[in-house]
Amino acid sequence: MIEIQPPASLAKTLGALKQSGWKSQSVKEEIRVNTVARIKAGEQLFSGVLGYEETVMPQVENALLA
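My numbering puts the last residue of the sequence shown at 78; the count rises by one with no breaks.
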C-alpha cells in the first residue's frame, strides 16, 4: 500500500520542497504509478465492486496503465 506521510513531516516551504527531491508528476503519471504499485502488491484496485472481476475490471486496469 502507498504510504501517506503525516502533515508534520511534509515540507513547509518551497525551498524545503526543492531540497527534498520532490518532482512534479502529471495526474496520468501518478495514477499509473499508483496502479502499478497496487498490482505489484497484490492489492485490489477497486474494493467493494462485485461481479465485474472478469469483464470490466481488466479493461479498467488496462485503461489506467495506458
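Glycine is no exception: its CB is placed at the ideal position from the N, C-alpha and C atoms.
Every value quoted in this text rests on a predicted model; they were computed, and no experiment measured them.
Check, Outcome
"Inter-residue CB distance, L57 and T47 (contact presumed, cutoff 8 angstroms)", "7 angstroms"
"8 angstroms contact criterion, which S150 and A23 should meet: CB distance rounded", "The question about residue 150 has no answer here: the residues shown for the chain are numbered 13 through 78."
"Candidates M69, A53, K52, of which the one nearest G60 by Cα", "M69"
"6 angstroms CB neighbourhood of A78 in its chain, flanking five on each side removed", "none"
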